[in-house]
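Colleague: Just dropping this structure here.
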Amino acid sequence: MNLVEELRWRGMIHDIMPGTEEQLAKEMTAAYIGYDPTSDSLHIGNLASIMMLVHLQRAGHKPFALVGGATGMIGDPSGKSEERVLLDEPTLRFNQICIQKQLEKFLNFNVQPNAAEMVNNYDWTKDFSFLQFLRDVGKHLTVNYMMAKDSVKKRMESGTGISFTEFSYQLVQGYDFCWLYEHKNVKLQMGGSDQWGNIVTGTELIRRKLGGEAFALTCPLITKSDGGKFGKTEEGNIWLDPQKTSPYKFYQFWINTSDEDAADFIRKFTLFSKEEIELFTKQHNEAPHLRILQKTLAKDITIRVHSADDYNAALEASEILFGKGTTQTLKNLSEETLLAVFEGVPQCEIKENAISEGLNIVDFLSEKTQIFDSKGEARRMLKEGGVAINKEKIAESFLVTGACLLKGKYILVQKGKKNYFLVKVES
RNA sequence: GGGGAGAUACCAGAGCGGUCAAAUGGGGCAGACUGUAAAUCUGUUGGCGCAGCCUUCGGAGGUUCGAAUCCUCCUCUCCCCA
165 MNLVEELRWR
175 GMIHDIMPGT
185 EEQLAKEMTA
195 AYIGYDPTSD
205 SLHIGNLASI
215 MMLVHLQRAG
225 HKPFALVGGA
235 TGMIGDPSGK
245 SEERVLLDEP
255 TLRFNQICIQ
265 KQLEKFLNFN
275 VQPNAAEMVN
285 NYDWTKDFSF
295 LQFLRDVGKH
305 LTVNYMMAKD
315 SVKKRMESGT
325 GISFTEFSYQ
335 LVQGYDFCWL
345 YEHKNVKLQM
355 GGSDQWGNIV
365 TGTELIRRKL
375 GGEAFALTCP
385 LITKSDGGKF
395 GKTEEGNIWL
405 DPQKTSPYKF
415 YQFWINTSDE
425 DAADFIRKFT
435 LFSKEEIELF
445 TKQHNEAPHL
455 RILQKTLAKD
465 ITIRVHSADD
475 YNAALEASEI
485 LFGKGTTQTL
495 KNLSEETLLA
505 VFEGVPQCEI
515 KENAISEGLN
525 IVDFLSEKTQ
535 IFDSKGEARR
545 MLKEGGVAIN
555 KEKIAESFLV
565 TGACLLKGKY
575 ILVQKGKKNY
585 FLVKVES
């Protein structure tokens, strides 16, 4: 199966420039995707495009991961309704290093002849003078052309307008493609569908400036069946950085996807073959309560993004928290397991003397541990039966005492069905 | 430059002198049902010492026993004419 066919059945093609498939069939083709260092970690929204590079390499082509040290300094107007605040340079450089490290995990940099390469557009942009840029790059495209781009048009129509800086973004990105075409023989740029306009500016620039032919391929924006934004939870993005999103939370995110989404995500985010996925889907439909799709999906991604150990820990924690575990099994856990299992669970601390005489549950949940923002909220949820201590539902009259402690110093608080907190009691 | 409309809780959007902590819808959260799913139903959605009190309706003043509601000024947004 060739790359385009592969991506197509996975639902990962949104737009493809005519001739792209022929180019890929003709020879080993180098392609790139860019990542701007707008944050110190990639999030799962970036995962789809990373997978495109992975598929590319598996199909025998050569992937380039570009870190946007330069473009990140400008700000991409695509999909943004308002001008963005510029990040300062130390932050950008720091983010750039973090993102680079994360990208390295997914690609093979040693296989010949199509080893992956990492490039940074800052390298070929930093010494490019403004005047030179205007003469060498700006001259090839009309402002009319640039203004016709959706990303620009939208901002021109909105009240907020667009700065010259962000307006120029497509030129900088377009030039990247041009540079890579010229120096690295990169003939294809891929990315999310929101990047189509920028990518086409690149192919256009290559055509006019170098007389060359280059191609574009984008994948659709990942969506959820219920219309919600993919990859966001109440607490924010799901990050690839385990410091920002613990492997446990990461695993939980995938486990919680709906049936409909799981069938879609497993195609896009794992490397299972068509036959395997069809089998999983069949098994899932026969016994939906086993949630084979979610489990397979969560396992595969967690292992690939984090590690097998992280997966096992997340799985164990999940089984204790969501399985048939009772207060008794909790009490029987060794302190070591307890801590290991709850590593990814939010934790807070409380002084032992606060509970020695019995502490009102409302104060415990709000003032002392901040598990709830206010006492009113804590009371409300207690009334609704949404709070459990050590897996036992409790009422508003409950008193927190030494008898609640696991291993003499831990209390497991459950807010609603899925949110756990580990409270450490310090003497 | 002239004329008009508006700014209300997370969002949308009622309220137009007391009965307004503010209708309704969406979203969020929780409960039931389940499969840690979806759909559905129910409850809840400013704070607190919670049958009471405190702080909220763009900002600052004022009228009034009493204002989200009336007046003045300010800030911002939108629309129409030039």
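Heads up, the first sequence is in my numbering, so the first residue is 165 and it goes up one at a time. Glycine residues also receive a C-beta, built at the ideal position from the N, C-alpha and C atoms. Bear in mind the structure is a predicted one, so any value in this text is a computation, not a measurement.
#1: Since I believe LYS555 is in contact with THR490 (beta carbons under 8 angstroms), could you give me their beta-carbon distance rounded to a whole number of angstroms?
#2: My assumption, with CB atoms under 8 angstroms, is that LEU374 sits in contact with ALA195. Please give the rounded CB distance.
#3: Looking at the strands, I want to know which residues DSSP matches up with TRP403.
#4: Cutting at 6 angstroms between CB atoms, please list the residues of its own chain near GLU513, excluding the five before and the five after it.
#5: Would CYS342 and LEU305 be called neighbours here (beta carbons separated by less than 9 angstroms)?
#6: Checking 9 angstroms against the spacing of the C-beta atoms, do ILE525 and ALA552 come in under that value?
#7: For GLY338, which residues from the same chain have a beta carbon less than 8 angstroms from its beta carbon, with the 5 sequence-adjacent residues on both sides left out?
#8: Can you list, in chain order, the stretches of the alpha helix (DSSP H) that have 4 or more residues and sit fully within the segment 482-559?
#9: I'd like to confirm the pairing. Which residues does DSSP put opposite LYS393 in its beta bridges?
#10: LEU217 and GLY233 look like a contact to me (Cβ under 8 angstroms); what is the Cβ gap, rounded to whole Å?
#11: Here's the rule I'm using: 16 or more other beta-carbon atoms within 10 Å means buried, otherwise exposed. How should MET192 be labelled?
#12: Between THR565 and GLY522, which are expected to be in contact by the criterion C-beta below 8 angstroms, what is the C-beta distance as a whole number of angstroms?
#13: Assuming ALA229 and ALA280 make a contact with CB atoms under 8 angstroms, what is their CB distance in whole Å?
#14: Buried or exposed for TYR584, please, with buried defined as at least 16 other CB atoms from any protein chain shown within 10 angstroms of its CB.
#15: With the cut-off set at 9 angstroms, would you say PRO510 and LEU586 are in Cβ contact?
#16: Answer with buried or exposed for PHE528, where buried requires no fewer than 16 other C-beta atoms within 10 angstroms of its C-beta.
#17: Classify GLN296 as helix, strand or coil using the three-state DSSP reduction.
#18: In the DSSP assignment, find the beta strand (DSSP E) that holds ASN362 and state where it starts and stops.
#19: Return the chain-ordered ranges of every alpha helix (DSSP H) run that is complete within the segment 226-312 and spans a minimum of 4 residues.
#20: For the beta strand (DSSP E) that PHE585 lies in, which residues bound it at each end?
#21: Determine which residues share a DSSP beta bridge with TYR196 and list them.
#22: What does the alpha-carbon distance come out to for the pair SER471 and ALA478?
#23: Mind checking which residues open and close the beta strand (DSSP E) that includes LYS373?
#24: If you measure between the beta carbons of ASP425 and LEU385, is that distance less than 9 angstroms?
#25: PHE436 by DSSP, collapsed to three states: which one?
#26: DSSP three-state call for PHE379: helix, strand or coil?
#27: Going by DSSP, what residue range makes up the alpha helix (DSSP H) through LEU576?
#28: Using the Cβ count rule (16 or more neighbours within 10 Å means buried), how would you classify GLY236?
#29: I'd like to know if the segment 200-211 and the segment 288-299 are in contact, where contact means that at least 3 CB-CB pairs between them fall below 8 angstroms.
#30: Could you work out which residue in ASN284, THR329 and LEU335 is closest to LYS303 when comparing CA atoms only?
#31: For ILE180, which of helix, strand or coil comes out of DSSP?
#32: Using only the alpha-carbon positions, how far apart do ASP340 and LYS313 sit?
#33: Work out the CA separation of LEU344 and LEU455 for me, nearest whole Å.
#34: Taking GLU186 and ALA223 to be in contact with their CB atoms under 8 angstroms, please state how far apart those CB atoms are, rounded to whole angstroms.
#35: Are the beta-carbon atoms belonging to SER315 and ILE238 less than 9 angstroms from one another?
#36: Output the boundary residues of the alpha helix (DSSP H) element that contains LEU344.
Modeller: Working from what's here:
#1: Working through the first sequence from its first residue, we reach residue 490 at position 326. Working through the first sequence from its first residue, we reach residue 555 at position 391. Confirmed, about 6 angstroms.
#2: Residue mapping note: residue 374 aligns to position 210 of the first sequence, counting from 1. Residue mapping note: residue 195 aligns to position 31 of the first sequence, counting from 1. Actually they are not in contact, since the Cβ atoms of LEU374 and ALA195 sit about 17 angstroms apart, beyond 8 angstroms.
#3: The residue labelled residue 403 in the question sits at position 239 within the first sequence. TRP403 is bridged to HIS207.
#4: Within the first sequence, residue 513 is the residue found at index 349, counting from 1. The residues are LYS588 and GLU590.
#5: Working through the first sequence from its first residue, we reach residue 342 at position 178. Working through the first sequence from its first residue, we reach residue 305 at position 141. Taking 9 angstroms as the cut-off, the beta carbon of CYS342 is found no closer than this to the beta carbon of LEU305.
#6: Reading the first sequence from its first residue, position 361 is the one you call residue 525. Reading the first sequence from its first residue, position 388 is the one you call residue 552. It is not a contact, given that the beta carbons lie outside the stated cut-off.
#7: By one-based count along the first sequence, residue 338 stands at place 174. Here the set comprises VAL301, LEU305, ASN362, THR365, GLY366, GLU368 and LEU369.
#8: Scanning the segment 482-559 from its first residue to its last, the whole alpha helix (DSSP H) runs of 4-plus residues come out as 491-496, 499-505, 516-519 and 539-547.
#9: Here the question's residue 393 lines up with position 229 in the first sequence. LYS393 is bridged to THR387.
#10: For this step, residue 217 is matched to residue 53 along the first sequence. For this step, residue 233 is matched to residue 69 along the first sequence. That belief does not hold up - the Cβ atoms of LEU217 and GLY233 are roughly 18 angstroms apart, past 8 angstroms.
#11: Taking the first sequence and counting its residues from 1, the one referred to as residue 192 is at position 28. Counting Cβ neighbours within 10 Å, MET192 comes out exposed, since fewer than 16 surround it.
#12: To locate residue 565, count along the first sequence from 1; it is residue 401. To locate residue 522, count along the first sequence from 1; it is residue 358. Sure, about 5 angstroms apart at Cβ, within 8 angstroms.
#13: Sequence index remark: in the first sequence, residue 229 carries index 65 (1-based). Sequence index remark: in the first sequence, residue 280 carries index 116 (1-based). That pair is a contact at about 7 angstroms.
#14: Sequence index remark: in the first sequence, residue 584 carries index 420 (1-based). The residue in question, TYR584, is buried, as its Cβ has 16 or more Cβ neighbours within 10 Å.
#15: Numbered from 1 along the first sequence, position 346 holds the residue referred to as residue 510. Numbered from 1 along the first sequence, position 422 holds the residue referred to as residue 586. Cβ atoms of PRO510 and LEU586: closer than 9 angstroms.
#16: The count along the first sequence starts at 1 and reaches residue 528 at position 364. When all chains shown are included, PHE528 counts as buried.
#17: To locate residue 296, count along the first sequence from 1; it is residue 132. Helix.
#18: The count along the first sequence starts at 1 and reaches residue 362 at position 198. In the DSSP annotation of this structure, ASN362 is not part of any beta strand (DSSP E); the continuous alpha helix (DSSP H) holding it starts and ends at 360-369.
#19: You should have 253-268, 286-289, 294-300 and 307-311.
#20: Translated into the one-based positions of the first sequence, residue 585 becomes position 421. Its beta strand (DSSP E) spans residues 583-590.
#21: If you number the first sequence from 1, residue 196 lands on position 32. TYR196 is bridged to PHE228 and GLN353.
#22: The residue given as residue 471 occupies position 307 in the first sequence. The residue given as residue 478 occupies position 314 in the first sequence. SER471 and ALA478: Cα-Cα distance of roughly 11 angstroms.
#23: Against the first sequence, residue 373 aligns to sequence position 209. LYS373 -> no beta strand (DSSP E), and no H or E assigned at all.
#24: The residue you call residue 425 lines up with position 261 of the first sequence. The residue you call residue 385 lines up with position 221 of the first sequence. In this structure, LEU385 does not lie closer than 9 angstroms to ASP425 by Cβ.
#25: Locating residue 436 in the first sequence gives position 272, where the first residue counts as 1. It is coil, neither helix nor strand.
#26: In the first sequence, counting from the first residue as 1, residue 379 sits at position 215. PHE379: strand per DSSP, three-state reduction.
#27: Locating residue 576 in the first sequence gives position 412, counting from the first residue. Careful: LEU576 lies outside any alpha helix (DSSP H), inside the beta strand (DSSP E) at 574-579.
#28: Numbered from its first residue, the first sequence carries residue 236 at position 72. Around the beta carbon of GLY236, a 10 Å sphere encloses 16 or more other beta carbons of the protein chains shown; the residue is thus reported as buried.
#29: no
#30: As a position in the first sequence, residue 303 is number 139, starting the count at 1. Minimum Cα distance to LYS303 is reached at LEU335.
#31: Residue numbering aside, residue 180 sits at position 16 when the first sequence is read from its first letter. Strand, per DSSP.
#32: Here residue 340 is taken as the residue at index 176 of the first sequence, counted from 1. Here residue 313 is taken as the residue at index 149 of the first sequence, counted from 1. Rounded to whole angstroms, ASP340 to LYS313 spans 18 angstroms at the Cα level.
#33: Numbered from its first residue, the first sequence carries residue 455 at position 291. Numbered from its first residue, the first sequence carries residue 344 at position 180. According to the sequence provided, residue 455 is Arg. The question's Leu does not apply to it. About 44 angstroms.
#34: Residue mapping note: residue 186 aligns to position 22 of the first sequence, counting from 1. Residue mapping note: residue 223 aligns to position 59 of the first sequence, counting from 1. Under the criterion of beta carbons closer than 8 angstroms, GLU186 and ALA223 do not qualify as touching, at roughly 14 angstroms.
#35: Residue numbering aside, residue 315 sits at position 151 when the first sequence is read from its first letter. Residue numbering aside, residue 238 sits at position 74 when the first sequence is read from its first letter. The answer is no: Cβ separation not under 9 angstroms.
#36: Residue numbering aside, residue 344 sits at position 180 when the first sequence is read from its first letter. LEU344 -> alpha helix (DSSP H) spans 333-348.
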